[in-house]
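Numbering (this note's numbering), first residue to last: 0 to 1189.
Yeah, the Cβ is synthetic: ideal placement off N, Cα and C, and Gly gets one too.
Structure representation (structure tokens):
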């Protein structure tokens, strides 16, 4: 009998499970999971589609112009926007102003005196107390607007359907009362208060609208249904009574039996008069406004016309809570008329994007079915983002490329040419997309970009043919990745083309600037190092493997071209979390590349340095300097803190690597406890300078050390000798203090092309504003040092998934003459030569992640996101305990033992928070409910990661996620609460359920953060939108369109290297960087860290430090505008005079201590601001502005 094939989660099952979670969220958030609850509050019960009573002075007719309504409502803070609103200013309907993306808003739901999000509410529940006016009030109407072309007879006919619910108070049953006791209430507690939920529906309300417009209602149809339900509730025997004072308390005898309890009610409660009849009023309203073009703008609203309780009334908040109409679902179907776009999204015009908006929500999101002419509200907004996959145009197997690469590369080149020809013939000449002249011209520009991609790819193949050493390195790097690959055997198409495209930037270092490909066609690449190349691909698409593949090839090429030691590539990341995550991947590449180095060089391998990996970060992660005495005091806790790589690349042991202090060698070693292999890893600055690791991974901030550390110049050619015990150095002294090795034993060395071949910057979009300006000054300083000392600068490569205006950013950062993006666009928005939408077995696009969003009427976004996490975790517990329930809604899992395999990828949730304070709040909330989330099962376990978390804590959490125990194990990690430190470079396959306490202000951050979910499996992202944010309301009302255009919402990165104050801040470090990185390196002098030596250098009449400084800032290279260069040159001259005087006149021993202003310790090293406090009136204004922003 054939062995049963083990179940592996399928896309269909993942999608079904994700849809199940969405249904559960909607069911729970809308309160549809029960009809009666004890001692609860309606706004605690229902969080979707809630409309509250109207404020007393605001009972006028609806003003149709939605955009004016939204803006006015946001400014006033009132809830009467739409139906029940006052007169509003007019704006032109149908067209959104160009700057409206961040300003448009749905109606706000706040009154004056709103508490701050971080102080409102409690542990995942709304504030208690009688008066809730100080927290939040729901809006008083829900609906949407659309634009309709009337039928030939000039009329529009609609069918309206609405569903909603109301809440009434009732007396408890015996089971409900004793249930309160079971929850911890003691005998003597007051009579429980029961709230009952009544679902209502009004269907088939037909409205006929003339083209002349007007206001139309349901003529009391909805009110009749509402009155009938209220009468039914009040007629019940258990209706709530009017108590003369406090609610009666129960004694033990009253709870002995159901009969005793009923007798208590009969004698003390039912004899009292029933509660007053709730004065609930509601109506459907349709407003039609004709437009000059003959179309009619139609607004459909469901209004709560109940008047609020008068101010100062005792218990006003609770009274108003029972005047809400909740879980509102409104639908309009066109019987006559044709739906047209109501507005155009305010994003730049682009022939690949449909900017039309077919309906705009009002205090809700909206879903449009154009085929049936149906528009419906959706309080829980939903958008399914398609998954993009690489195209399998040509097989790109590692084995084929390692054996005979040109066969594969020829096939790719032919496929690229075929794609180009089809684009030209069918799309451009035949205008298959029916583009207008402007769009066709834009399409032609995209075509020209792809033609240049083909040219650059051909240059890469030509370089391989021209240099056998490069070809050998390329083949060997493919063997490396063939061994590294787990579960795949090929490059993604864009990765391979990208690597080949950049090979000329390696060949040019051997003065090889041209070749032929195809045969007879000359290709030239002499300017390869003058370009900044940006790798742009979606999050989780494989950018890291692409640049690690290029780095691997460059490392092997260096050894084959006789670069026997030194750094090949420097990978820089803006965040510490990024470098932690990528270090393990880089370690595996370095380990396997060393195997290939030995294979390629044979007996000559002993004449060159083995490959090493360097970890180059700040002292909060690993020590900058070490000594034997320092290491001798290391504890086990210290060693665990500096452990940078937990998994062994040799035996693939997980968590088996430990850090060990080598006092004699003055090193921190990483050794596997299982196979005893020592990892070729340097984790301190001293070791990086002494060992010159081949591949260096670190943070961008480390560049500031060039102005603090004389040994920094070793990285690009300052090496003069090698100590047999402690490594490379220069000058008179060994880099290890107290070294006893005789100087005669030092071996003289001469670097070959000492500068790194590659500078690789990941997450380029994070280098902006001050950080971008500071980084830009140090980047061009380092490129100047490399060129002056080493001969050639490094090739600049950057990677990002979210970027706009990259050309300007790259020029300002690196001083290169131009920048280009790879890959460029195709002629279709969703596909190009390299990628296309992934499809299921039926040919339908696959979903990568599902976005859902809502606005809670009572919870702050932080509390609401924690509540959603509770809902998801409760459901996960139920599904683990009832696997048969899962089998009922999935199609491929067949056995109950298959269910835990599927749930493995959905059992840990990520709760993303926008601030440290909110993170602490969410963590506290989840800790308080840990034992209540899954009664009868284990408690909820969570971790909180923030900028304050140590590297060891981060690594430990990542390890817990990647290597989970059984779900029933008490140590299983259920929830990660994390700030934006987790939003980049974190690739956790098991994290596919995510909640967010809002939409980050920058769309790029939203894209990056949400992509933590759904990287390999279908993901779910639950976004809680702020009630106060204009931008959040606009997103909610146009939820689908916003997410369809996410990449178009990314704003250009602001970087200005010519900012006066940035130059003033960086010049001291840049000046010392020139002293250490150029003069000390060229003069073989370690004494230039002394102030007196630097003063002597400055006094040299032949020295022209101003010219050197200007070169370090990339002035007069023809890259920037002459007027900008002149202005910056004047700032630099003035600042250099200040530095010169401080060096000359001070008595400090060391130059870095003497220089004023002090050199930057980090690129985030900015002076602390001076606190100030506004006047009271200004403070209130600033508070309102703060709450109107994300």
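Using the Cα positions of residue 556 and residue 467, report the straight-line distance between them to the nearest angstrom. Residue numbering aside, residue 556 sits at position 557 when the chain shown is read from its first letter. Residue numbering aside, residue 467 sits at position 468 when the chain shown is read from its first letter. Cα to Cα, the separation comes out at about 10 Å.
C-alpha distance - residue 376 paired with residue 365, whole-angstrom precision: One-based indexing of the chain shown puts residue 376 at position 377. One-based indexing of the chain shown puts residue 365 at position 366. Each residue's Cα considered, the two are about 5 Å apart.
Quick check on the burial criterion: 16 or more other C-beta atoms within 10 angstroms. Buried or exposed for residue 1159? Position 1160 of the chain shown holds residue 1159. Buried, since its Cβ has 16 or more Cβ neighbours within 10 Å.
Can you tell me whether DSSP reads residue 15 as helix, strand or coil? In the chain shown, the residue the question calls residue 15 occupies position 16. Correct three-state label for residue 15: helix.
Residue 195 and residue 232 look like a contact to me (Cβ under 8 Å); what is the Cβ gap, rounded to whole Å? To locate residue 195, count along the chain shown from 1; it is residue 196. To locate residue 232, count along the chain shown from 1; it is residue 233. Right, the Cβ-Cβ distance comes to about 7 Å (below 8 Å), so this counts as a contact.
My output table needs one value for residue 165: the three-state DSSP class, helix, strand or coil. Your numbering for residue 165 matches position 166 in the chain shown. Looking at residue 165 - three-state DSSP - the assignment turns out to be strand.
Going by DSSP in three states, residue 514 sits in which element: helix, strand or coil? Numbered from its first residue, the chain shown carries residue 514 at position 515. DSSP places residue 514 in strand when its eight states are reduced to three.
Please state if the CB of residue 992 and the CB of residue 852 are separated by a distance shorter than 8 Å. In the chain shown, counting from the first residue as 1, residue 852 sits at position 853. In the chain shown, counting from the first residue as 1, residue 992 sits at position 993. Contact: no.
Looking at the unbroken beta strand (DSSP E) that takes in residue 846, where does it start and where does it end? Here residue 846 corresponds to residue number 847 of the chain shown, with the count starting at 1. Unbroken beta strand (DSSP E) run through residue 846: 846 to 853.
By alpha-carbon positions, which one of 178, 751, 586 and 724 ends up nearest to residue 713? The residue you call residue 713 lines up with position 714 of the chain shown. The residue with the shortest Cα to Cα distance from residue 713 is 751.
Cβ shell of residue 1095 (< 7 Å), same chain only, five flanking positions each side left out: Counting from one through the chain shown, the residue named residue 1095 turns up at place 1096. Within the same chain, residue 1095 has no close Cβ partners at all.
Taking only the alpha-carbon atoms, compute the straight-line gap between residue 549 and residue 296 and give it to the nearest angstrom. As a position in the chain shown, residue 549 is number 550, starting the count at 1. As a position in the chain shown, residue 296 is number 297, starting the count at 1. Going by the C-alpha atoms only, they are around 57 Å apart.
Pick helix, strand or coil for residue 1145, following the three-state DSSP scheme. By 1-based counting over the chain shown, the position of residue 1145 is 1146. DSSP places residue 1145 in coil when its eight states are reduced to three.
Distance CB(residue 499)-CB(residue 459) smaller than 8 Å: Counting from 1 along the chain shown, the entry for residue 499 is found at position 500. Counting from 1 along the chain shown, the entry for residue 459 is found at position 460. Yes, the Cβ-Cβ distance between residue 499 and residue 459 is below 8 Å.
What are the boundary residues of the beta strand (DSSP E) that residue 523 is part of? Here residue 523 is taken as the residue at index 524 of the chain shown, counted from 1. Start and end: 521 to 523.
Which first and last residues belong to the alpha helix (DSSP H) in which residue 225 is found? Counting from 1 along the chain shown, the entry for residue 225 is found at position 226. From DSSP, the alpha helix (DSSP H) with residue 225 extends over 220 to 233.
Beta carbon of residue 528 nearer than 8 Å to that of residue 755: In the chain shown, the residue the question calls residue 528 occupies position 529. In the chain shown, the residue the question calls residue 755 occupies position 756. Not a contact, by the Cβ cut-off of 8 Å.
With 16 as the cutoff for other CB atoms within 10 Å, does residue 362 come out buried or exposed? Counted from its first residue, the chain shown places residue 362 at position 363. So residue 362 counts as buried.
Report the residue from 1149, 1061 and 146 whose alpha carbon sits nearest the alpha carbon of residue 1087. Numbered from its first residue, the chain shown carries residue 1087 at position 1088. Of the candidates 1149, 1061 and 146, the one whose C-alpha sits nearest the C-alpha of residue 1087 is 1149.
Nearest-angstrom Cα distance between residue 1089 and residue 526? The residue given as residue 1089 occupies position 1090 in the chain shown. The residue given as residue 526 occupies position 527 in the chain shown. Approximately 39 Å between the Cα atoms of the pair.
Closer than 6 Å by C-beta to residue 15: which residues in its own chain qualify, once you throw out the five before and the five after it? Chain order, please. Taking the first residue of the chain shown as position 1, residue 15 is located at position 16. 888 and 889, listed in sequence order.
Beta carbon of residue 300 nearer than 8 Å to that of residue 200: Translated into the one-based positions of the chain shown, residue 300 becomes position 301. Translated into the one-based positions of the chain shown, residue 200 becomes position 201. Result no, Cβ atoms of residue 300 and residue 200 do not sit closer than 8 Å.
Segment contact, 8 Å Cβ cut-off, at least three pairs: the segment 201 to 218 with the segment 237 to 253: no
So is residue 1217 buried or exposed if we call it buried at 16+ other beta carbons inside 10 Å? Because the chain here runs from 0 to 1189, residue 1217 falls outside it and cannot be looked at.
Are the beta-carbon atoms of residue 774 and residue 702 separated by less than 8 Å? Along the chain shown, read from residue 1 onward, the residue named residue 774 stands at position 775. Along the chain shown, read from residue 1 onward, the residue named residue 702 stands at position 703. Result yes, Cβ atoms of residue 774 and residue 702 sit closer than 8 Å.
For the alpha helix (DSSP H) containing residue 604, name the first residue and the last one. Position 605 of the chain shown, counting from 1, holds the residue named residue 604. Careful: residue 604 lies outside any alpha helix (DSSP H) and carries neither H nor E.
Using 8 Å as the threshold, is the segment 785 to 802 in touch with the segment 500 to 512, meaning 3 or more CB pairs across them? yes
Residue 758 - partner residues in DSSP beta bridges: To locate residue 758, count along the chain shown from 1; it is residue 759. Answer is 569 and 795, bridged to residue 758.
Do you know how far the Cα of residue 650 is from the Cα of residue 594? Start at 1 with the first residue of the chain shown, and residue 594 comes out as number 595. Start at 1 with the first residue of the chain shown, and residue 650 comes out as number 651. Spanning the two alpha carbons is a distance of roughly 14 Å.
Since I believe residue 647 is in contact with residue 641 (beta carbons under 8 Å), could you give me their beta-carbon distance rounded to a whole number of angstroms? On the chain shown, position 642 is the one that residue 641 refers to. On the chain shown, position 648 is the one that residue 647 refers to. Incorrect: roughly 17 Å between the Cβ atoms, too far for contact.
Go through its chain and collect everything with a Cβ distance to residue 960's Cβ below 8 Å, but skip five positions before and after it. As a position in the chain shown, residue 960 is number 961, starting the count at 1. Within the same chain, residue 960 has close Cβ partners 907, 972, 975, 987, 989 and 990.
Which of the three DSSP states is assigned to residue 1057 in this structure? Within the chain shown, residue 1057 is the residue found at index 1058, counting from 1. DSSP places residue 1057 in coil when its eight states are reduced to three.
If the criterion is Cβ atoms closer than 8 Å, does the pair residue 784 and residue 1077 meet it? Residue mapping note: residue 784 aligns to position 785 of the chain shown, counting from 1. Residue mapping note: residue 1077 aligns to position 1078 of the chain shown, counting from 1. Yes, the pair counts as a contact, with Cβ atoms nearer than the cut-off.
3-residue-minimum beta strand (DSSP E) runs that sit fully inside the segment 771 to 850, ordered along the chain: 794 to 799, 817 to 821 and 834 to 836
With DSSP as the reference, label residue 924 as helix, strand or coil. If you number the chain shown from 1, residue 924 lands on position 925. Residue 924: helix per DSSP, three-state reduction.
What whole-angstrom Cβ distance do residue 143 and residue 378 have, given they're in contact under 8 Å? One-based indexing of the chain shown puts residue 143 at position 144. One-based indexing of the chain shown puts residue 378 at position 379. In fact, because the Cβ distance is near 12 Å, the residues do not count as touching under 8 Å.
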